[in-house]
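I have placed the structure first, in the form of structure tokens, so that the comments after it can refer back to it.
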Amino acid sequence: MIAMYDVSSITVVRALNDLAKDGYIVRQQGKGTFVSRARKHKLVEFSDVEIFETKDDKVTVLSIERGNKLEYLEKLGLRGDQFYYKIERTRQTNGVTYIYHTSYIPEQYINANYPNLDYYSSIYKRFKLDYRIHMNDEHFEEINEIAFPTPEHVASVLGIDTQFPTVFQTKTTKLEATGQVLAYSETYKRADYYKIKFLSCNRGH
Numbered sequence: 004m005i006a007m008y009d010v011s012s013i014t015v016v017r018a019l020n021d022l023a024k025d026g027y028i029v030r031q032q033g034k035g036t037f038v039s040r041a042r043k044h045k046l047v048e049f050s051d052v053e054i055f056e057t058k059d060d061k062v063t064v065l066s067i068e069r070g071n072k073l074e075y076l077e078k079l080g081l082r083g084d085q086f087y088y089k090i091e092r093t094r095q096t097n098g099v100t101y102i103y104h105t106s107y108i109p110e111q112y113i114n115a116n117y118p119n120l121d122y123y124s125s126i127y128k129r130f131k132l133d134y135r136i137h138m139n140d141e142h143f144e145e146i147n148e149i150a151f152p153t154p155e156h157v158a159s160v161l162g163i164d165t166q167f168p169t170v171f172q173t174k175t176t177k178l179e180a181t182g183q184v185l186a187y188s189e190t191y192k193r194a195d196y197y198k199i200k201f202l203s204c205n206r207g208h
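Taken in order, the sequence shown gives residues 4 to 208; the numbers are from our numbering.
Set out below in structure tokens:
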């Protein structure tokens with residue numbers, strides 16, 4: 004490489020070190036240096052692709068219940084003597100129920116004097132208007148997996164057979180400034196309404 008590129012040995016060593024650090028090459032003692040076959044970390048954009056007009060969506064709040072089951076207290080980072088509110092909702096389009104949401108919100112972020120169930124048809128809207136928190140700007144972790152068979156209760160709500168696959172999503176949203184958990188949600192979506200897109204974020208573009 005020194006002769007090929009007419010550079011000093013120091014330059015070659017530095018370049019190889021940089022390539023190894025960035026994951027492009029792998030060094031194996033006693034064997035040599037090889038081009039890495041592992042994919043280098045790359046920033047990508049991920050988004051849901053709606054296969055229909057969302058303006059026709061209808062959200063129905065099924066129930067709002069106060070609770071303190073240990074399983075969800077732990078997910079929300081709450082103590083055993085604290086409470087959360089469980090909000091169940093469905094989303095429909097053209098008469099088809101395709102999403103079943105269950106959200107768990109710490110009690111401090113719920114207005115117990117809500118006038119009706121529809122008050123919580125949009126949880127993000129309530130956080131924005133009632134607490135000036137923009138949920139889309141806060142830190143979140145989301146996991147998607149295929150649920151098959153679909154749990155009986157979920158299948159009943161969605162009006163499908165348990166052998167009809169669904170996409171199960173869990174999402175935890177935290178306040179960026181403090182790390183406090185604002186919401187934990189579990190969502191089931193009919194597989195035939197699920198489509199995603201990945202887009203690489205190239206530097207300088």
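Every residue, glycine too, gets a C-beta built ideally from N, C-alpha and C.
Buried/exposed call for residue i, threshold 16 Cβ in 10 Å
i: Thr181; result: exposed
i: Phe201; result: exposed
i: Phe130; result: buried
i: Tyr187; result: buried
i: Leu79; result: buried
i: Tyr88; result: buried
i: Ile149; result: exposed
Proximity of residue i and residue j at Cβ, strictly below 7 Å
i: Ile90; j: Ile67; result: yes
i: Thr96; j: Asp59; result: yes
i: Thr75; j: Tyr107; result: In the sequence as presented, Thr is not what sits at residue 75; that position holds Tyr. Yes, Cβ-Cβ distance for Tyr75 and Tyr107 is below 7 Å.
i: Glu145; j: Lys174; result: yes
i: Thr190; j: Gln172; result: yes
Residue i versus the options, residue with shortest Cα-Cα distance
i: Arg82; options: Thr93, Arg92, Gly70; result: Gly70
i: Val170; options: Tyr117, Lys72, Glu155, Asp195; result: Asp195
i: Ile199; options: Leu22, Asn147, His156, Lys78; result: Asn147
i: Val157; options: Lys24, Asn114, Thr105; result: Thr105
Neighbourhood of residue i by C-beta, 6 Å cutoff - its chain only, sequence neighbours within 5 removed
i: Val160; result: Tyr103
i: Ser124; result: Val62, Val64
i: Phe86; result: Arg69, Asn71, Glu110
Contacting residues, own chain, Cβ-Cβ under 8 Å from residue i (five flanking each side not counted)
i: Leu185; result: Ile108, Pro109, Tyr112, Phe130, Ile136, Met138, Glu141, Thr176, Lys177, Leu178
Same chain, Cβ closer than 7 Å to residue i, neighbours up to 5 away in sequence not counted
i: Pro154; result: none
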